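Visitor: Residue numbers (the numbering used here), protein chains in the order written: chain C, 11 to 203; chain L, 11 to 203.
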DNA sequence: TTGACATGAGAATGATCGTTCTCATATCAT
DNA sequence: ATGATATGAGAACGATCATTCTCATGTCAA
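1. With a CB to CB cut of under 6 Å and the five nearest residues on each side skipped, what residues in its chain are close to residue 153 of chain L?
2. Output, in chain order, the set of chain L residues within a Cβ distance shorter than 8 Å of residue 142 of chain C.
3. So the candidates are L:22, L:126, L:40, L:157; which of them puts its Cα closest to the Cα of residue 59 of chain L?
4. Which word fits residue 83 of chain C, buried or exposed, when buried means at least 16 other C-beta atoms lie within 10 angstroms of its C-beta?
5. Give the secondary structure of residue 59 of chain L by DSSP, where H, G and I count as helix, E and B as strand, and everything else as coil.
6. Indicate whether residue 44 of chain L and residue 55 of chain L have their beta-carbon atoms separated by less than 8 Å.
7. Is the beta carbon of residue 123 of chain L less than 8 Å from the beta carbon of residue 39 of chain L?
8. Note down, in chain order, every chain L residue with its Cβ under 8 Å from the Cβ of residue 75 of chain C.
9. Measuring only the C-alpha atoms, how far is residue 171 of chain L from residue 97 of chain C?
10. Terminal residues of the continuous alpha helix (DSSP H) containing residue 28 of chain C?
11. Output needed in chain order: residues of the stretch 142–175 of chain C with a Cβ under 8 Å from some Cβ in chain L.
12. Could you check the C-alpha separation between residue 125 of chain C and residue 17 of chain L for me, to the nearest Å?
13. Using beta-carbon positions only, say whether residue 191 of chain C and residue 117 of chain C come within less than 8 Å of one another.
14. With H, G and I counted as helix, E and B as strand and the rest as coil, what does DSSP make of residue 158 of chain L?
15. Give a yes or no on whether the minimum CB-CB distance between residue 15 of chain L and chain C is below 8 Å.
16. DSSP three-state label for residue 148 of chain C, please.
17. State the CB to CB distance for the pair residue 185 of chain L and residue 93 of chain L, rounded to an integer number of angstroms; the pair is presumed to be in contact (CB under 8 Å).
18. If you follow the alpha helix (DSSP H) that residue 82 of chain C is in, where does it begin and where does it stop?
19. I need the DSSP call for residue 113 of chain C, collapsed to helix, strand or coil.
20. Helix, strand or coil for residue 131 of chain C? Go by DSSP, reduced to three states.
21. Restricting to Cα atoms, I'd like to know which of C:130, C:133, C:101, C:188 is closest to residue 149 of chain C.
22. Does the beta carbon of residue 193 of chain L come closer than 8 Å to any beta carbon on chain C?
23. To the nearest whole angstrom, what separates the beta carbons of residue 53 of chain C and residue 26 of chain C, a pair I think is in contact under 8 Å?
24. Could you say which of L:95, L:87, L:183 lies nearest to residue 104 of chain L if we only look at CA atoms?
25. Step through the CB atoms of chain L and report whether any lies within less than 8 Å of the CB of residue 37 of chain C.
26. Report, in whole angstroms, the separation of the C-beta atoms of residue 201 of chain C and residue 201 of chain L, which I expect to be a contact under 8 Å.
27. With a cut-off of 8 Å on the beta carbons, I'd call residue 33 of chain C and residue 46 of chain C a contact; round off their distance for me.
28. Give every residue of the same chain whose Cβ lies closer than 6 Å to the Cβ of residue 42 of chain C, excluding the five residues on either side of it in the sequence, and list them in chain order.
29. In chain C, what lies closer than 8 Å to residue 33 of chain L by C-beta?
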């Protein structure tokens with residue numbers, strides 16, 4: 011009953027998702043073939059299709075996985091900076107700035123994927139929208155924890171700034187938009203005291 | 011010496027660019043084949059390739075054309091609202107809100123195109139970046155005309171808000187992010203008095 | 001050991017697409 | 001009118017890619 015494989019399905023799935031993350035983010039969904047995933051992960055095409063019955067489903071699994079790992083990365087970085095005494099809502103921009111300064115930065119994977127109309131279906135769009143909602147919820151909770159007036163409104167404003175910063179930093183290959191967004195956030199926080 | 015065609019090159023080019031605009035924006039670059047452009051514009055493949063020697067060059071021409079027409083649309087809408095007494099920097103968000111509420115809205119064509127890594131080369135990226143720089147320059151000039159302190163800084167902040175609003179409105183299929191961005195802009199303008 | 005079965009490597013299939021080519025037709029100068 | 005030339009319609013070519021299939025090999029239960 012148990013598989014004869016040297017590598018069990020969970021391990022193979024993890025290798026596939028890790029490869030998918032690297033290569034989908036770097037080259038876009040349309041720029042990556044299933045054979046690329048195979049080459050990168052070492053998981054054969056046959057197994058790939060037994061784990062994920064189509065590219066669409068692999069993309070959905072990648073987006074779901076990326077949502078989890080990105081949010082963990084982001085919140086833990088914000089929490090760490092907050093623990094060091096920084097305003098959490100401003101720490102969010104520093105986290106993004108650090109990311110944008112790293113090699114291979116290409117903006118928000120979810121925004122980029124949403125733009126690839128030919129590769130994306132409604133299931134994907136739901137995952138992408140849910141990611142943005144979750145990010146907004148997190149920012150709103152930070153605003154509420156900070157005791158600011160109208161935390162929901164402040165969270166939304168910070169969210170728009172954050173997305174704008176990610177997009178412009180990618181398109182302009184510059185961190186200046188992130189700096190400007192952080193300054194704007196500081197003023198908005200001040201106005202919400 | 012003069013062409014035997016019923017339709018001259020300039021007219022054909024205009025038809026191609028108009029079709030390219032409709033279909034590239036709606037379905038993304040990868041989602042559109044040269045045959046689609048032919049079907050939509052009525053310009054034969056042969057002529058298409060004589061006007062634009064490759065899809066890459068057609069895409070570059072489309073981006074350049076879209077930059078011009080979009081900026082004209084945007085600035086004229088802002089100017090009209092400003093003439094009616096509205097703060098120009100806030101009118102920018104109303105223009106975007108109007109656009110986002112229209113059917114077929116899919117966010118900023120330049121941001122979307124930049125995300126299609128497989129279809130985009132450095133020439134395209136330069137056009138895209140130049141578009142964002144031009145938008146920023148325009149916003150900065152509005153801030154300077156308004157007599158605010160640090161117009162360049164204010165222009166950058168408004169720019170980030172505007173891009174964030176366009177992206178989030180598309181991803182969430184909602185105009186709430188644009189409302190939030192406008193509110194944030196109002197606070198930032200107030201802080202720049 | 002042996003046979004049933006799962007696996008990997010990679011060939012085969014069928015579709016799509018950018019680009020070029022063919023050929024019948026239409027235009028213009030003479 | 002006629003030949004040189006340009007055009008449109010669409011077939012053809014070559015490449016890429018998602019997906020499936022083949023077959024040789026390795027694993028496990030008995």
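All C-beta atoms in this analysis are idealised placements derived from N, C-alpha and C, irrespective of residue type, glycine included.
Only a predicted model underlies this, so the values are computations on that prediction, with no experimental measurement involved.
Guide: Per the coordinate set shown:
1. Taking the first residue of the second chain as 1, we reach residue 153 of chain L at position 143. For residue 153 of chain L, where only same-chain residues beyond five positions count, the Cβ hits under 6 Å are 161, 164, 165.
2. Position 132 of the first chain, counted from the first residue, corresponds to residue 142 of chain C. Those are 178, 181, 182, listed as they occur along chain L.
3. As a working note, residue 59 of chain L is residue 49 in the second chain. Checking every option, the nearest Cα to that of residue 59 of chain L belongs to L:22.
4. Taking the first chain and counting its residues from 1, the one referred to as residue 83 of chain C is at position 73. Flag for residue 83 of chain C reads exposed.
5. Locating residue 59 of chain L in the second chain gives position 49, counting from the first residue. The answer is helix: DSSP assigns residue 59 of chain L an H, G or I state.
6. Within the second chain, residue 44 of chain L is the residue found at index 34, counting from 1. Within the second chain, residue 55 of chain L is the residue found at index 45, counting from 1. Yes.
7. Residue 123 of chain L sits at position 113 when you count from the first residue of the second chain. Residue 39 of chain L sits at position 29 when you count from the first residue of the second chain. Contact flag set, yes.
8. As a working mapping, residue 75 of chain C is identified with position 65 in the first chain. By Cβ distance, chain L contributes nothing, its closest Cβ being about 19 Å from residue 75 of chain C, past 8 Å.
9. On the second chain, residue 171 of chain L is found 161 positions in, with the first residue counted as 1. On the first chain, residue 97 of chain C is found 87 positions in, with the first residue counted as 1. Their Cα atoms are separated by approximately 21 Å.
10. In the first chain, residue 28 of chain C corresponds to position 18, counting from 1. Counting along the chain, the alpha helix (DSSP H) containing residue 28 of chain C begins and ends at 19–37.
11. 142, 143, 163, 166, 167, 169, 170, 171, 172, 173, 174, 175
12. Locating residue 125 of chain C in the first chain gives position 115, where the first residue counts as 1. Locating residue 17 of chain L in the second chain gives position 7, where the first residue counts as 1. So the two alpha carbons sit approximately 35 Å from each other.
13. Counting from one through the first chain, the residue named residue 191 of chain C turns up at place 181. Counting from one through the first chain, the residue named residue 117 of chain C turns up at place 107. Result no, Cβ atoms of residue 191 of chain C and residue 117 of chain C do not sit closer than 8 Å.
14. Here the question's residue 158 of chain L lines up with position 148 in the second chain. DSSP places residue 158 of chain L in coil when its eight states are reduced to three.
15. As a position in the second chain, residue 15 of chain L is number 5, starting the count at 1. For residue 15 of chain L, the predicted model reports a pLDDT of 45, less than 50, meaning its position is unreliable and no value from the coordinates is stated.
16. In the first chain, the residue the question calls residue 148 of chain C occupies position 138. Residue 148 of chain C: helix per DSSP, three-state reduction.
17. Here residue 185 of chain L corresponds to residue number 175 of the second chain, with the count starting at 1. Here residue 93 of chain L corresponds to residue number 83 of the second chain, with the count starting at 1. Actually they do not touch by this definition, with Cβ atoms about 24 Å apart.
18. Counting from 1 along the first chain, the entry for residue 82 of chain C is found at position 72. Counting along the chain, the alpha helix (DSSP H) containing residue 82 of chain C begins and ends at 65–93.
19. Taking the first residue of the first chain as position 1, residue 113 of chain C is located at position 103. Reduced to three states, the DSSP call for residue 113 of chain C is coil.
20. The sequence position of residue 131 of chain C within the first chain is 121, counting from 1. Here residue 131 of chain C sits in coil by DSSP.
21. Looking up residue 149 of chain C in the first chain gives position 139. Taking only the C-alpha atoms, the option nearest residue 149 of chain C is C:101.
22. Counting from 1 along the second chain, the entry for residue 193 of chain L is found at position 183. Taking Cβ atoms only, chain C reaches closer than 8 Å to residue 193 of chain L, which makes this a yes.
23. Translated into the one-based positions of the first chain, residue 53 of chain C becomes position 43. Translated into the one-based positions of the first chain, residue 26 of chain C becomes position 16. Going by Cβ atoms, the distance from residue 53 of chain C to residue 26 of chain C rounds to 5 Å, so yes, they are a contact pair.
24. On the second chain, position 94 is the one that residue 104 of chain L refers to. Per the Cα distances, L:87.
25. Position 27 of the first chain, counted from the first residue, corresponds to residue 37 of chain C. Yes, its Cβ sits closer than 8 Å to a Cβ of chain L.
26. Indexing the first chain from 1 puts residue 201 of chain C at position 191. Indexing the second chain from 1 puts residue 201 of chain L at position 191. About 7 Å; that satisfies the 8 Å criterion.
27. Here residue 33 of chain C corresponds to residue number 23 of the first chain, with the count starting at 1. Here residue 46 of chain C corresponds to residue number 36 of the first chain, with the count starting at 1. So it is a contact: roughly 6 Å between Cβ atoms.
28. Here residue 42 of chain C refers to the residue found at position 32 when the first chain is read from its first residue. Closer than 6 Å at the Cβ level, and outside the excluded window around residue 42 of chain C, lie 33, 34.
29. Residue mapping note: residue 33 of chain L aligns to position 23 of the second chain, counting from 1. By Cβ distance, chain C contributes nothing, its closest Cβ being about 11 Å from residue 33 of chain L, past 8 Å.
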